[in-house]
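The listed protein sequences derive, respectively, from chains A and B. Mind the numbering: the first sequence is residues 11 to 241 in our numbering, read in order. Mind the numbering: the second sequence is residues 11 to 241 in our numbering, read in order. For glycine and all other residues, C-beta sits at the position ideal for the given N, C-alpha and C. The model shown is predicted, which means the values in this text are computed figures rather than measured ones. Working notes for the structure below.
There are 2 protein chains.
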Amino acid sequence: MTVPLGESIRQSFERRILSGELAPGSRLPTEQEIMAEFGCSRMTVSKALSALTTAGLIERRKRAGTFVVRPRVHAMVLEVPDLAAQVAARGQAYRFRLHRRNEEMVQDGHLAGQRALHLGGTHFADGEPLAIEDRLVSLAAVPAIADADLAAESPGTWLLHHVPWTEADTRIFATGANPAEAEALGLNPGAPCLCIERRTWRGDEPITTVRQLFVASGYELVAHFGPGGAS
Amino acid sequence: MTVPLGESIRQSFERRILSGELAPGSRLPTEQEIMAEFGCSRMTVSKALSALTTAGLIERRKRAGTFVVRPRVHAMVLEVPDLAAQVAARGQAYRFRLHRRNEEMVQDGHLAGQRALHLGGTHFADGEPLAIEDRLVSLAAVPAIADADLAAESPGTWLLHHVPWTEADTRIFATGANPAEAEALGLNPGAPCLCIERRTWRGDEPITTVRQLFVASGYELVAHFGPGGAS
DNA sequence: GCGACAATTATGTATAGACATTATTGCGAA
DNA sequence: TTCGCAATAATGTCTATACATAATTGTCGC
Numbered sequence: 011m012t013v014p015l016g017e018s019i020r021q022s023f024e025r026r027i028l029s030g031e032l033a034p035g036s037r038l039p040t041e042q043e044i045m046a047e048f049g050c051s052r053m054t055v056s057k058a059l060s061a062l063t064t065a066g067l068i069e070r071r072k073r074a075g076t077f078v079v080r081p082r083v084h085a086m087v088l089e090v091p092d093l094a095a096q097v098a099a100r101g102q103a104y105r106f107r108l109h110r111r112n113e114e115m116v117q118d119g120h121l122a123g124q125r126a127l128h129l130g131g132t133h134f135a136d137g138e139p140l141a142i143e144d145r146l147v148s149l150a151a152v153p154a155i156a157d158a159d160l161a162a163e164s165p166g167t168w169l170l171h172h173v174p175w176t177e178a179d180t181r182i183f184a185t186g187a188n189p190a191e192a193e194a195l196g197l198n199p200g201a202p203c204l205c206i207e208r209r210t211w212r213g214d215e216p217i218t219t220v221r222q223l224f225v226a227s228g229y230e231l232v233a234h235f236g237p238g239g240a241s
Numbered sequence: 011m012t013v014p015l016g017e018s019i020r021q022s023f024e025r026r027i028l029s030g031e032l033a034p035g036s037r038l039p040t041e042q043e044i045m046a047e048f049g050c051s052r053m054t055v056s057k058a059l060s061a062l063t064t065a066g067l068i069e070r071r072k073r074a075g076t077f078v079v080r081p082r083v084h085a086m087v088l089e090v091p092d093l094a095a096q097v098a099a100r101g102q103a104y105r106f107r108l109h110r111r112n113e114e115m116v117q118d119g120h121l122a123g124q125r126a127l128h129l130g131g132t133h134f135a136d137g138e139p140l141a142i143e144d145r146l147v148s149l150a151a152v153p154a155i156a157d158a159d160l161a162a163e164s165p166g167t168w169l170l171h172h173v174p175w176t177e178a179d180t181r182i183f184a185t186g187a188n189p190a191e192a193e194a195l196g197l198n199p200g201a202p203c204l205c206i207e208r209r210t211w212r213g214d215e216p217i218t219t220v221r222q223l224f225v226a227s228g229y230e231l232v233a234h235f236g237p238g239g240a241s
């Protein structure tokens, strides 16, 4: 038995649901009936249904039975890899240049009232500016960053390797570069750019806020939704 | 016992990991030790650890034990709600105007070699153009769209309510509006726009391809990552 | 010393049974 | 009719046990 029985039960119902054989809102067989169909114990059925529940495909209601959920909003998986790795994966030379680094008391936003390290820099791919970023890192949450060598490694890469986070919000929108930004990116003012603003936390504790402005022609985000969840 | 024992075990280890008490790469107690700590059976411990495994917090290796995973790439959940619903949620009046509808044989791309319905239109929020879209819908996969009333409802909304899909790819990038696009959106040529290109499938069968161009000031995408997965 | 093989130890999966929980259903009384 | 309560049928959780599986560890032979 290469594939576990519980897993094959899960797959069977996943297939029936995704194919439309089991329509949204329709009732699945009872656990007793599924036991009989697959010739296994109720615990095994229950575990398979629990997995489908956490995957969001079905809903279990006591006394009433188990139902296929009706489709809601699309939730897609957005991969946000490390920028240095992503540039390297395209076969380009990656470089980061830091042009601002100072400690300050943050007045507003996500890190308001905390001492933070304020970092600014430019990401280059093959010597061409790809993006500029402006970042605040909480010194309370990440004291070690005060001693980090951020000239060699971008702050994002350093944080990714040194600081685990548990929660993040990202806003993605298009905007025109203002004169200073255009200058830094080698564009004309008003040129289209992709802007990504991200705030991260570990538990309730804010870690960092970053605003990255990408040259439109040099960057795109890719999101995927598929049966496996991620792929 | 309001909270199930297995769940409290799961929470206990989640807390210890997120707080850093259990560092990435470190070994958890064996299932036997956890049994003793919580005074329960091994199945209950195993179920709690299974949940943490699917949540991606720990890794279980036979013979070796259970370990806290090291942080990897960021995978965030991108909410892609229906545009009409999203505009309505902001308290604005939503309208869609269809200005192209014809059947054609698709030459290239995702739907190459299929007969498809080619649709073009504009999304308005409070009477102002918000986005233009250009869409191909496979007539083989979705024959019913030939009879749909797409003047009242946007093609995206119609598809969302009538056609389940199982797989989708999305590209997100910034671009400048070309003269025709700028005209349709009431912008100057070259003005920054957010472009979303999406291809969807049901199983192996392509359903639709769409390119949506948003006025930069009117739209942003929001992605989230958190312990709950979605929130 | 060093490689191959066996023993050990840990997780992976499954069964069978028990009791808890809870929403529905139906019946009886006001 | 309608309100409320009890019976019921379904899922939720847990125990105790068994065997499978796989990687590390130790040992034996060379």
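### Query
Does B:C50 have its Cβ less than 8 Å from a Cβ in chain A?
Along the second sequence, read from residue 1 onward, the residue named residue 50 of chain B stands at position 40. For B:C50, the answer is no, since every Cβ of chain A falls outside 8 Å of its Cβ.
### Query
Three or more C-beta pairs closer than 8 Å, one from the stretch 85 to 94 of chain B and one from the stretch 164 to 181 of chain B: is that the case here?
yes
### Query
Among residues of its own chain, excluding the 5 on either side of B:N188, which ones have a beta-carbon nearer than 8 Å to its beta-carbon?
In the second sequence, counting from the first residue as 1, residue 188 of chain B sits at position 178. Cβ within range, chain order: P199.
### Query
Can you name, in chain order, every residue of its own chain whose Cβ lies under 6 Å from the Cβ of B:P139, other than the five neighbours on each side?
As a position in the second sequence, residue 139 of chain B is number 129, starting the count at 1. Taken in chain order, the residues that qualify are T132, L195, G196.
### Task
In angstroms with no decimal places, state the Cα-to-Cα distance between B:A226 and B:L108.
On the second sequence, residue 226 of chain B is found 216 positions in, with the first residue counted as 1. On the second sequence, residue 108 of chain B is found 98 positions in, with the first residue counted as 1. So the two alpha carbons sit approximately 21 Å from each other.
### Message
Which same chain residues end up closer than 7 Å to A:A154 when comparing Cβ atoms and leaving out the 5 residues on each side of it in sequence?
### Response
Sequence index remark: in the first sequence, residue 154 of chain A carries index 144 (1-based). Hits under 7 Å: H172.
### Message
Can you check whether the C-beta of B:Y104 is within less than 8 Å of a C-beta belonging to chain A?
### Response
Within the second sequence, residue 104 of chain B is the residue found at index 94, counting from 1. Chain A contact via Cβ: absent.
### Query
Quick one: which chain B residues come within Cβ less than 9 Å of A:R212?
In the first sequence, residue 212 of chain A corresponds to position 202, counting from 1. Per Cβ cutoff of 9 Å: L28, S29, G30.
### Query
Which bits of chain B does A:P202 rub up against, with CB to CB less than 8 Å?
Taking the first residue of the first sequence as position 1, residue 202 of chain A is located at position 192. Residues of chain B whose Cβ lies closer than 8 Å to the Cβ of A:P202 are, in chain order, A184, T185, G186, G200, A201, P202, C203, A226.
#### Entry: Distance between beta carbons of B:R209 and B:P216, contact taken as under 8 Å
Working through the second sequence from its first residue, we reach residue 216 of chain B at position 206. Working through the second sequence from its first residue, we reach residue 209 of chain B at position 199. Right, the Cβ-Cβ distance comes to about 7 Å (below 8 Å), so this counts as a contact.
#### Entry: Beta-carbon proximity check, A:P24 vs A:L67, cutoff 8 Å
Locating residue 24 of chain A in the first sequence gives position 14, where the first residue counts as 1. Locating residue 67 of chain A in the first sequence gives position 57, where the first residue counts as 1. In the sequence as displayed, the identity of residue 24 of chain A is Glu instead of Pro. Closer than 8 Å, so yes.
### Message
Please state the DSSP three-state secondary structure of B:A194.
### Response
As a position in the second sequence, residue 194 of chain B is number 184, starting the count at 1. Correct three-state label for B:A194: helix.
### Message
Does the CB of B:R100 have a neighbour CB from chain A at under 8 Å?
### Response
Your numbering for residue 100 of chain B matches position 90 in the second sequence. False, the Cβ-Cβ gap to chain A never drops below 8 Å.
### Message
The alpha helix (DSSP H) that contains A:G186, what's its start and end?
### Response
In the first sequence, counting from the first residue as 1, residue 186 of chain A sits at position 176. A:G186 -> not in any alpha helix (DSSP H); beta strand (DSSP E) instead, spanning 177 to 186.
### Query
Going along chain B in order, which residues have a C-beta closer than 7 Å to the C-beta of A:T167?
Along the first sequence, read from residue 1 onward, the residue named residue 167 of chain A stands at position 157. In chain order: nothing, as chain B lies at least about 12 Å away.
### Of the listed residues A:R111, A:V55, A:A158, A:R20, nearest to A:Q42 (C-alpha basis)
Against the first sequence, residue 42 of chain A aligns to sequence position 32. For the set A:R111, A:V55, A:A158, A:R20, the Cα lying nearest the Cα of A:Q42 is the one of A:V55.
#### Entry: Environment of A:S36 [buried if 16+ CB atoms lie within 10 Å]
Here residue 36 of chain A refers to the residue found at position 26 of the first sequence. Answer is exposed; the Cβ neighbour count stays below 16.
### Message
Under 8 Å, Cβ to Cβ, is there at least one residue of chain A near B:V87?
### Response
Counting from 1 along the second sequence, the entry for residue 87 of chain B is found at position 77. Interface residue, yes.
### Task
Kindly list the residues whose CB is nearer than 6 Å to the CB of A:I19, restricted to its own chain and excluding five residues on each side of it in sequence; keep chain order.
Position 9 of the first sequence holds residue 19 of chain A. Hits under 6 Å: F48, A58.
### Message
Closer than 8 Å is the cut-off here; do at least three beta carbon pairs connect the stretch 227 to 236 of chain B with the stretch 176 to 188 of chain A?
### Response
yes
### Message
Give me the DSSP bridge partner(s) of B:L10.
### Response
Nothing can be reported for residue 10 of chain B, as the shown portion of chain B is limited to 11 through 241.
#### Entry: B:P91 (DSSP reduced to helix, strand or coil)
As a position in the second sequence, residue 91 of chain B is number 81, starting the count at 1. Residue state, collapsed to three classes: coil.
### Task
Take the Cβ of B:M86 as the centre, count every other Cβ of all protein chains shown within 10 Å, and call the residue buried at 16 or more, exposed below.
Locating residue 86 of chain B in the second sequence gives position 76, counting from the first residue. Buried, because 16 or more other Cβ atoms sit within 10 Å of the Cβ of B:M86.
### Query
Taking Cβ to Cβ, would you say B:M149 is nearer than 8 Å to B:E113?
Stepping through the second sequence from its first residue, residue 149 of chain B is reached at position 139. Stepping through the second sequence from its first residue, residue 113 of chain B is reached at position 103. The sequence shown places Leu at residue 149 of chain B, not Met. Against a cut-off of 8 Å, the Cβ pair of B:E113 and B:L149 comes out as a contact.
### Task
Report yes or no: is there a C-beta of chain A within less than 8 Å of the C-beta of B:V232?
By 1-based counting over the second sequence, the position of residue 232 of chain B is 222. The beta carbon of B:V232 falls within 8 Å of a beta carbon belonging to chain A, placing the residue at that interface.
### Task
Whole angstroms is fine: what's the gap from B:R110's alpha carbon to B:G101's?
Start at 1 with the first residue of the second sequence, and residue 110 of chain B comes out as number 100. Start at 1 with the first residue of the second sequence, and residue 101 of chain B comes out as number 91. In a straight line, the C-alpha of B:R110 is about 28 Å away from that of B:G101.
### Task
For chain A, find out if any of its Cβ atoms is closer than 8 Å to the Cβ of B:E193; answer yes or no.
By one-based count along the second sequence, residue 193 of chain B stands at place 183. So, not an interface residue.
### Coarse secondary structure for A:L169, derived from DSSP in three states
The residue given as residue 169 of chain A occupies position 159 in the first sequence. Of the three classes helix, strand and coil, the one that applies to A:L169 here is helix, per DSSP.
### Query
Are the C-beta of B:R209 and some C-beta of chain A separated by less than 8 Å?
Start at 1 with the first residue of the second sequence, and residue 209 of chain B comes out as number 199. Cβ-Cβ to chain A under 8 Å: no for B:R209.
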